[in-house]
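Participant:
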Amino acid sequence: MALTIASREVDGVIILDLNGRITLGEGSVQLRDAIRGLISKGQKNILLNLAEVNYIDSSGLGELVSAFTTAKNQQAEVKLLKLSKKVHDLLQLTKLYTVFDIKDDEAAAIASFK
Amino acid sequence: MESVEQIEAAAEKLAAEAGLDEDDRFHISMAAREAAVNAVLHGNHFDPIRQVTAGFENTGAQLVITVADQGAGLDPAAIPDPLAPDNLLRGSGRGIFLIRSFMDEVHFRQLHPGTELVLIKRLSQPGNHP
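Protein chains in written order, with our numbering: chain A, 1 to 114; chain B, 1001 to 1130.
1. Who are the near neighbours of E1057/B in its chain, counting only those whose CB is closer than 6 Å to its CB and skipping five residues on each side?
2. Measure the CB-CB distance between L48/A and L81/A and report whether it falls below 8 Å.
3. How about S1029/B and E1008/B: do their beta carbons lie closer than 8 Å?
4. Rounded to a whole number of angstroms, what is the C-alpha to C-alpha distance between I1084/B and Y97/A?
5. Taking the beta strand (DSSP E) that D17/A falls in, what are its first and last residues?
6. Counting only Cβ-Cβ distances shorter than 7 Å, please list the residues of the region 65-95 of chain A near chain B, keeping chain order.
7. Distance, Cα to Cα, V1037/B vs D17/A?
8. Three or more C-beta pairs under 8 Å: does that hold for the region 86-97 of chain A against the region 1063-1078 of chain B?
9. Which residues of chain A have a Cβ atom closer than 7 Å to the Cβ of L1119/B, listed in chain order?
10. How far does the beta strand (DSSP E) with A1038/B in it reach, from first residue to last?
11. Less than 8 Å separating the beta-carbons of P1082/B and F1102/B?
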């Protein structure tokens, strides 16, 4: 299943609800374009809701890291929300769990940007 | 990219037919996918003339998946450690690490030209269980 991305704004935070796979040739490019589009518009607070993403390959992991560093370089912030078990395990295995600010609760995640 | 999807699906089928649980099936199909991506992207550099070939075998004792490219060759010792602090924020370089994490054995065989990755998952033998 390809990646679909829906965007909404809550209290100045852009939440991207991702659904599907983030892999080379499927979701990676879409995610990159979405993040870069938001940052180019000056958006500083971006929350990636991964609740409906149950598959990320090494390219997808790289894309998440690139989103994080691209945002940081523009004084913006990308945080992750609601990891599935498989994605959680992958982030732990690759030590990326230590890189990202990861939240389980949407309201708490939104509040953490302030 | 079509070959990547085919190799991933074939690995999933091999693991399912061996009766492995969902976690093992996920790990094996993902390792095969990463090997295929590595072959297409880093081995063959998306050159449509160069082929990726794959094999899938259940020997009864283990699952053996081979993925070969026709690229310039790969030196596994030269692959940076993606867990090193200096490499954590790199946008690539985690594929071989994931393959090694998910499989019991990974071997690199130099072809002329190209590289073959041999991925092995050992199967539990009846009687080995307590």
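Note that CB positions come from ideal geometry on N, CA and C, so glycine has one too.
Facilitator: Working from what's here:
1. In chain order, V1064 place their CB closer than 6 Å to the CB of E1057/B, counting only its own chain and leaving out the 5 sequence neighbours on each side.
2. Cβ distance < 8 Å, so L48/A and L81/A count as in contact.
3. In contact: S1029/B and E1008/B (Cβ atoms closer than 8 Å).
4. Going by the sequence as given, residue 1084/B is Ala instead of Ile. If I take the Cα positions, the gap works out to 14 Å.
5. Unbroken beta strand (DSSP E) run through D17/A: 13-22.
6. If the cut-off is 7 Å between Cβ atoms, the region 65-95 of chain A has V65, S66, T69, K86, L93, T94, K95 near chain B.
7. Our two residues, V1037/B and D17/A, have alpha carbons roughly 26 Å apart in a direct line.
8. At 8 Å Cβ cutoff, the stretches do not touch.
9. What L1119/B touches in chain A: nothing, since even the nearest Cβ is about 15 Å away.
10. Note that residue 1038/B is Asn in the sequence shown here, rather than Ala. For N1038/B, no beta strand (DSSP E) run applies, since DSSP gives it neither H nor E.
11. Contact flag unset, no.
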